[in-house]
Amino acid sequence: MTTIARTSTAPAWAASVPRAALLWSAVYGGVRLWFATGHGPDWKLPGNDLLVPDWVAVAGCALSAAGLVTLAKRPRSRVLIGLVWAMAAGWVAVSALALLDVVGGILPGLGIPFDLAGLLSRFGALTGAALLGLTALTRQRALDPTCLRCSGQPHLTSTPRWAFAAAWLAVAGCLTRLAAQAVVGFDFVPYDAGLSILLFEGGFLLAGILLPLLLVYRAGRVFPRWMLLLPGAGLGAGITAYFGVGLLQMIAAALQGKAVYGDVGLPDSFFWVAVPAYFAWGVGLAVAAYGYHLRTRRPCKGCGR
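In this note's numbering, the protein residues as written are 177 to 481.
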């Protein structure tokens with residue numbers, strides 16, 4: 177019978193990440209406090225730089241710091257680890273406009289306003305999300321009885337069924353979004369015409385149909401791992417966050433009896449189809465990318481799994 181020896185040394189970055197996360201909460205909290213006291217710049221995108229008011233962001237930084245300090249005192253608390261994971265997800269959600277920063281930066285001809293201050297602020301929040309997530313991950317790995325370097329994830333030799341289902345969910349979401357646009361007409365595209373819109377539409381189809389299928393089928397194995405994993409995970413998380421928040425805003429508006437995006441000039445029924453379709457697309461793409469990660473990851477250097 178083969179036994180796996182416990183790896184007593186964690187990766188070098190594991191000890192520094194919690195301190196970096198705490199430092200981020202202090203520095204970024206100071207920036208949010210500066211904005212909240214009336215010193216924020218004029219944002220070019222509608223609303224604020226984040227999807228929450230400034231004082232809520234200040235409170236979020238304080239809660240992040242409190243969670244990190246408490247977790248340091250009780251590092252084996254699964255509840256606290258889960259709360260830190262939740263805070264990381266929350267910062268991703270409130271930074272959802274970063275998706276527009278990326279699209280507008282890659283395709284400036286679309287007419288999406290480029291806001292450098294907003295971009296830096298949103299990516300500052302995403303940096304905090306990454307540090308909080310890594311902190312939770314290190315604490316979670318410390319609970320594993322076999323290895324400090326991994327979370328005991330199995331090395332898959334084939335793509336699991338749930339990854340196939342997720343990939344096809346992403347494809348269905350993309351096609352549903354296209355069908356909704358076809359019903360109202362393609363003249364109602366909220367971007368400038370030209371080469372950029374053609375490139376955007378091509379990328380739209382690649383990310384919505386080809387990429388999810390390459391993540392789960394044999395044809396995707398001819399590409400370098402990073403070429404599929406990075407866009408799959410990044411776009412999956414970005415689309416899920418952006419349209420997940422949008423869906424919550426729609427539900428809140430409906431409960432208050434308000435029109436859904438009434439200033440756009442499209443019927444509410446369009447958004448009740450398109451936004452959930454985008455959300456399903458994002459979730460499916462993210463889950464398919466996770467399955468791809470499990471199938472293609474290298475064995476752990478500590479325990480060999």
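Just so you know, even glycine gets a beta-carbon here, dropped at the ideal spot from N, CA and C.
These numbers come from a predicted model, not from an experiment.
Where the alpha helix (DSSP H) through residue i begins and ends
i: Thr303; result: Leu292 to Ala318
i: Ser201; result: Ser192 to Trp210
i: Cys350; result: Arg337 to Val360
i: Val255; result: Arg254 to Val270
i: Ala242; result: Asp230 to Lys249
i: His469; result: Asp444 to Thr472
i: Gly408; result: Arg401 to Leu431
i: Leu387; result: Leu387 to Val392
i: Ile282; result: Ala274 to Ile282
Alpha-carbon to alpha-carbon, residue j and residue i
i: Ala429; j: Ser445; result: 14 Å
i: Arg195; j: Trp402; result: 29 Å
i: Leu332; j: Thr472; result: 8 Å
i: Leu256; j: Asp320; result: 16 Å
i: Val203; j: Leu296; result: 14 Å
i: Phe299; j: Trp338; result: 31 Å
i: Gly422; j: Trp448; result: 11 Å
i: Leu310; j: Ala462; result: 18 Å
i: Thr179; j: Leu273; result: Interpretation of Thr179 is limited by its pLDDT of 45, a score under 50 that renders its predicted location unreliable; the figure taken from the coordinates is listed afterwards. So the alpha carbons of these two residues sit roughly 48 Å apart.
i: Ser240; j: Ala190; result: 18 Å
i: Leu397; j: His215; result: A quick correction: the sequence has Arg, not Leu, at residue 397. Taking the straight line joining both Cα atoms gives about 50 Å.
i: Trp200; j: Ala188; result: 19 Å
i: Asp218; j: Trp210; result: 14 Å
i: Val347; j: Lys249; result: 45 Å
i: Leu345; j: Leu351; result: 10 Å
i: Leu382; j: Ala395; result: 14 Å
i: Ser192; j: Arg317; result: 15 Å
Cutoff 6 Å; reference residue i; Cβ partners in own chain excluding five residues on either side
i: Phe290; result: Gly280
i: Trp267; result: Ala301, Gly304 and Ala305
i: Trp551; result: It is not possible to answer for residue 551, since the shown part of the chain is limited to 177 through 481.
Cut-off 7 Å between Cβ atoms - residues of its own chain near residue i, not counting five sequence neighbours on either side
i: Ala181; result: Because Ala181 carries a pLDDT of 48, less than 50, the predicted location of this residue cannot be relied on, and the following value inherits that uncertainty. Closer than 7 Å at Cβ, skipping near neighbours: no residue.
i: Tyr454; result: Gly349, Arg353, Ile415 and Phe419
i: Leu259; result: Gly243
i: Arg315; result: Leu247, Pro251 and Ile257
i: Gly162; result: This structure leaves residue 162 out entirely; the chain is present only between 177 and 481.
i: His469; result: Leu405
Close Cβ partners of residue i (< 8 Å) along its chain, the five nearest in sequence each way excluded
i: Leu374; result: none
i: Val278; result: Gly414
Cβ separation of residue i and residue j, assumed to be a contact under 8 Å, to the nearest whole Å
i: Asp230; j: Ala212; result: 4 Å
i: Ala464; j: Leu391; result: 4 Å
i: Ala343; j: Leu389; result: 6 Å
i: Trp457; j: Gly384; result: 6 Å
i: Ala356; j: Ala450; result: 4 Å
i: Arg208; j: Val234; result: 5 Å
i: Gly205; j: Ala238; result: 6 Å
i: Leu376; j: Leu283; result: Note that residue 376 corresponds to Phe in the displayed sequence, not to Leu. About 6 Å; that satisfies the 8 Å criterion.
i: Leu275; j: Ala197; result: Not confirmed; about 23 Å, so no contact.
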